[in-house]
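Comments concern the structure below.
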Amino acid sequence: MARWLPRSADLTRFCQKLNRVKTLEDDMMETSFNRCLSTIDLTLLGIGGMVGSGLYVLTGTVAKEIAGPAVIVSFIIAGFASLLAALCYAEFGARVPKTGSAYMFTYVSVGEIWAFLIGWNVLLEYMIGGAAVARAWSGYLDSIFNHKIKNFTETHVGAWQVPFLARYPDFLAAAILLVATAFISFGAKVSSWLNHVFSAISMGVILFILIMGFILAQPKNWSAQEGGFAPYGLSGIMAGTATCFYAFVGFDVIAASSEEARNPQRAVPRAIACSLGLATGAYILVSVVLTLMVPWHTLDPDSALADAFYRRGYAWAGFLVAAGSICAMNTVLLSNLFSLPRIVYAMAEDGLFFQVFSRVHPRTQVPVVGIVVFGLLMALLALIFDLEALVQFLSIGTLLAYTFVAASIIVLRFQQQKVDAPAPAAGGQPSPERCEGPSTGELKEYESFSDKLQLVDREKSKEHREPGQLKAAFEPYLEFLCDFYPGEVVTVAVVTLMVSAVCLCSILVFGNTHLHLPTWSYSLLLILFSLGFLLSLLLIWAHEQQHNTQTFQIPLVPLSPALSIVLNIYLMLKLNYMTWLRFTVWLLLGLLVYFGYGIWHSKENLREPRLQRVSARYVVFPSGSLEERVQAVQPSAQPASLPDTDTDNGKR
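For the sequence shown, counting from 1, position 181 maps to 181 in UniProt numbering; every step adds exactly one.
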């Protein structure tokens with residue numbers, strides 16, 4: 001029976017296949033897309049993705065039911081938390097100006113299967129998100145006409161009571177998605193122009209709300225007579241932060257559009273920073289005027305702004321608010337339809353998804369097949385499915401993507417820069433490069449002559465250290481870490497950090513409620529997992545990292561990405577179990593697609609080097625002499641092998 005068990009070498013190769021990273025082209029500016037988007041275009045795309053219906057609905061809901069007027073503080077904290085994730089996207093978008101967003105960033109640093117699962121989840125996130133916004137758009141417009149559209153549909157088409165299906169088919173939601181799909185297929189410039197129009201109207205309405213709101217503001221609405229500024233205390237503020245965090249999830253459309261930016265190295269970081277700053281400012285200021293116009297406990301959660309103006313005697317302002325809301329939802333629709341086909345295109349271009357989605361229209365220079373197919377799927381979802389139960393699914397996909405992008409930043413920052421050097425011989429990897437230090441008199445073996453040359457260069461300058469190597473100050477205390485490949489210890493530390501973060505957040509979320517831990521064990525576990533997290537963080541920090549002044553880099557690495565990881569994991573664990581169950585089912589479907597198609601058609605699979613005939617090994621003696629030993633490496637199918645030859649100063 002043992003012969004049927006896989007050999008360790010086969011398991012190693014299989015794991016290497018799963019964790020192989022994407023090979024980037026030398027010229028990353030070369031693309032089949034049209035690089036036509038400016039910084040302003042990307043900024044407005046980001047604003048359109050973030051400032052949607054949430055500004056008109058979410059502010060009132062959180063203020064009345066969760067945080068009171070302290071919703072302002074909730075938005076400030078949520079904006080800062082989103083900034084941590086946004087900065088990670090900004091560094092990757094500038095450094096890897098390719099479409100694909102979180103999928104691409106994970107592929108170039110972490111590994112193939114993780115990248116596929118991120119892309120697979122983002123795919124569903126955009127589909128459900130776009131369909132949900134279309135239904136909200138339809139419902140909002142229908143409410144203006146006293147639900148005549150809904151009543152007409154139920155009367156003449158019919159209604160049904162089927163689990164997971166909507167009560168009636170929403171033809172209006174499907175129609176708006178089909179119209180938006182048609183506009184998106186005309187090209188990035190047309191999509192950007194349309195987004196400009198809706199964004200301008202939306203921002204004009206927001207400006208009107210702010211001016212009129214401050215004129216009608218009454219500071220007494222924050223007084224103790226009305227419940228005070230923070231009636232639900234700190235717990236209400238933090239609960240509101242968790243809800244408000246999802247208002248900022250649209251900035252990744254900028255990273256997904258980086259392959260169509262004229263100057264992505266500058267435009268992507270600036271657009272992400274500007275759009276996130278403006279969106280955060282809009283949410284905070286609208287929350288201020290809303291809670292000052294009327295007492296927070298009297299707000300209508302479904303239409304807080306329109307109802308506030310109506311109660312202050314400005315019923316006509318409700319129509320402007322409705323127009324702004326519809327335009328804001330249009331920008332979110334365009335954002336979803338713009339990003340989704342490009343992520344699918346990136347996966348198909350890499351061979352991990354069906355090749356038909358990698359086709360780019362020669363005239364419009366957009367992935368038209370992906371736009372049409374997924375636009376139709378979105379319209380179908382909006383037409384017949386009840387999306388209320390699936391909306392929470394959006395959160396887990398976004399948070400998982402944020403977590404992996406943050407981890408990818410740490411891994412990539414502590415990796416050595418890839419340089420043009422002879423490829424290592426088949427069947428082996430470069431030997432570990434030891435830390436610089438006094439000669440120990442031991443033999444040092446290298447797989448290629450380029451490794452030997454790098455050794456000579458480093459010994460000429462003892463102070464120069466490559467990214468991923470231990471810092472000189474820590475070498476006397478952590479000398480045993482010098483035996484590992486540069487970046488290997490950092491990768492292990494990142495995995496340990498994420499495991500510690502999961503355990504720490506699990507204790508915080510479930511320790512007192514579901515697990516019912518005694519106080520002493522609760523405290524002890526918190527201390528242990530916190531120590532594990534901090535020690536992993538310190539171990540990462542003890543290594544050299546890349547310092548690239550040509551593109552944007554997130555400050556305070558690894559602290560900033562680590563904080564983002566903890567926050568994202570904490571918010572994921574706050575989601576209910578049904579969301580995790582649906583997430584697991586979707587992941588299993590994704591694994592079927594990957595192992596049935598992606599792993600076999602991956603372009604990285606085609607790039608894997610075949611066994612070569614000869615490999616060279618170099619041994620460095622303490623005296624500094626060099627011995628080259630040429631080894632014959634024969635495939636196992638060929639019984640014959642070449643004899644070893646040794647050449648060094650006449651030795652054979």
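Note that beta-carbon positions come from the ideal geometry of N, C-alpha and C, so glycine has one too.
So, with DSSP's three-state summary, where would you put residue i?
i: PRO315; result: Checking the sequence shown, residue 315 turns out to be Ala, not Pro. If DSSP states are grouped into helix, strand and coil, ALA315 belongs with coil.
i: HIS543; result: strand
i: LEU37; result: strand
i: ALA217; result: coil
i: ALA230; result: coil
i: PHE208; result: helix
i: PHE354; result: coil
i: PHE186; result: coil
i: ASP307; result: helix
i: ILE176; result: helix
i: ARG465; result: coil
i: residue 655; result: Residue 655 cannot be examined here, being either before or after the span of the chain that is shown, 1 to 652.
i: residue 674; result: Residue 674 is absent from the structure shown; the chain starts at 1 and stops at 652.
i: SER536; result: helix
i: PRO69; result: helix
i: LEU556; result: coil
i: PRO169; result: coil
i: HIS514; result: coil
i: ASN548; result: coil
i: PHE414; result: coil
i: SER223; result: coil
Over the uninterrupted alpha helix (DSSP H) stretch that includes residue i, give me the two end residues.
i: THR364; result: Here THR364 belongs to no alpha helix (DSSP H), and DSSP marks it neither H nor E.
i: PRO518; result: PRO518 -> no alpha helix (DSSP H), and no H or E assigned at all.
i: PRO301; result: Careful: PRO301 lies outside any alpha helix (DSSP H) and carries neither H nor E.
i: ILE569; result: 559–573
i: TRP580; result: 577–593
i: GLU604; result: 603–607
i: THR31; result: Neither: THR31 is in no alpha helix (DSSP H) and is coded neither H nor E.
i: ASP386; result: No alpha helix (DSSP H) contains ASP386, which DSSP labels as neither H nor E.
i: LYS14; result: Reading off the sequence, residue 14 comes out as Phe, not Lys. Note, PHE14: alpha helix (DSSP H), 8–18.
i: VAL286; result: 264–293
In whole angstroms, what separates the C-alpha of residue i from that of residue j?
i: ALA90; j: PRO518; result: 43 Å
i: LYS148; j: ASP142; result: 7 Å
i: ILE599; j: ILE118; result: 15 Å
i: GLU466; j: GLY590; result: 38 Å
i: LEU383; j: ALA174; result: 5 Å
i: residue 703; j: TRP160; result: In this structure the chain extends from 1 to 652, so residue 703 is not present and cannot be described.
i: ILE326; j: TYR140; result: 8 Å
i: GLY441; j: ARG7; result: Confidence in GLY441 is poor, its pLDDT being 43 and thus under 50, which makes the residue's placement unreliable; the coordinate value appears in the next sentence. Each residue's alpha carbon lies about 37 Å from the other.
i: VAL205; j: SER138; result: 20 Å
i: TYR107; j: ILE66; result: 39 Å
i: MET347; j: ALA255; result: 15 Å
i: TYR126; j: LEU210; result: 31 Å
i: ARG582; j: VAL73; result: 32 Å
i: VAL110; j: VAL288; result: 42 Å
i: MET353; j: CYS15; result: Rather than Met, the amino acid found at residue 353 in this sequence is Phe. The alpha-carbon atoms of PHE353 and CYS15 are separated by roughly 20 Å.
i: THR181; j: VAL492; result: 44 Å
i: GLY397; j: VAL122; result: 6 Å
i: VAL366; j: GLY596; result: 27 Å
i: MET329; j: THR280; result: 17 Å
If we define contact as Cβ-Cβ less than 9 Å, is residue i a contact residue for chain D?
i: THR59; result: Absent here is chain D; the protein component of the structure consists of one chain.
Do residue i and the ligand ZN come close, with the Cβ less than 8 Å from some heavy atom?
i: LEU172; result: As presented, the structure is devoid of all ligands, the ligand ZN included, so that no description of it is given.
task = Could you tell me whether the stretch 176–195 touches the stretch 311–318, where touching means 3 or more Cβ pairs closer than 8 Å?
result = In the pairwise beta carbon analysis, the stretch 176–195 is classified as not touching the stretch 311–318: fewer than three pairs are separated by under 8 Å.
ask   = Unbroken beta strand (DSSP E) runs of length 3 or more, entirely within the stretch 80–167: which are they?
value = The qualifying runs do not exist here; there are none.
request  = Note down, one range per segment and in chain order, each beta strand (DSSP E) of at least 3 residues found wholly within the stretch 467–500.
outcome  = As far as the stretch 467–500 is concerned, it has no whole beta strand (DSSP E) run of at least 3 residues.
key: Segments of 4+ residues assigned as alpha helix (DSSP H) that fall wholly inside the stretch 230–261   = Runs of the alpha helix (DSSP H) spanning 4 or more residues and lying entirely within the stretch 230–261 occur at 233–244 and 252–256, in chain order.
query = Would you call the stretch 65–85 and the stretch 284–304 touching, i.e. three or more CB-CB distances under 8 Å?
reply = At 8 Å Cβ cutoff, the stretches touch.
ask   = Does the stretch 400–412 come within contact of the stretch 555–566, defined as at least 3 CB pairs closer than 8 Å?
value = With a cut-off of 8 Å, the stretch 555–566 and the stretch 400–412 count as touching, because enough Cβ pairs lie within range.
query = Can you find at least 3 beta carbon pairs, one from the stretch 504–522 and one from the stretch 570–581, that sit closer than 8 Å?
reply = The stretch 504–522 is in contact with the stretch 570–581.
request  = Examine the Cβ distances between the stretch 356–363 and the stretch 221–240 and report whether three or more of them are shorter than 8 Å.
outcome  = Flag = no, the stretch 356–363 and the stretch 221–240 do not touch.
task = Please confirm if the stretch 5–24 is in contact with the stretch 329–337, defined as three or more CB-CB distances below 8 Å between the two stretches.
result = Result no; under three Cβ-Cβ pairs closer than 8 Å.
request  = Please determine if the stretch 47–55 and the stretch 238–253 are in contact, where contact requires at least 3 C-beta pairs separated by less than 8 Å.
outcome  = Flag = yes, the stretch 47–55 and the stretch 238–253 touch.
The stretch 53–63 / the stretch 289–298 touching (three or more Cβ pairs under 8 Å) = Below 8 Å, enough C-beta pairs join the stretch 53–63 and the stretch 289–298 to call them touching: three or more.
ask   = At a cut of 8 Å, does the stretch 468–476 reach the stretch 543–553 through at least three beta carbon pairs?
value = The stretch 468–476 makes contact with the stretch 543–553, as at least three CB pairs between them are under 8 Å.
message = Does the contact criterion of 3 or more C-beta pairs under 8 Å hold for the stretch 295–307 versus the stretch 83–97?
response = Contact fails: fewer than three Cβ-Cβ distances are below 8 Å.
query = Does the pairing of the stretch 259–275 with the stretch 30–49 give three or more beta-carbon distances under 8 Å?
reply = Yes, since at least three Cβ pairs between the stretch 259–275 and the stretch 30–49 fall closer than 8 Å, the two stretches touch.
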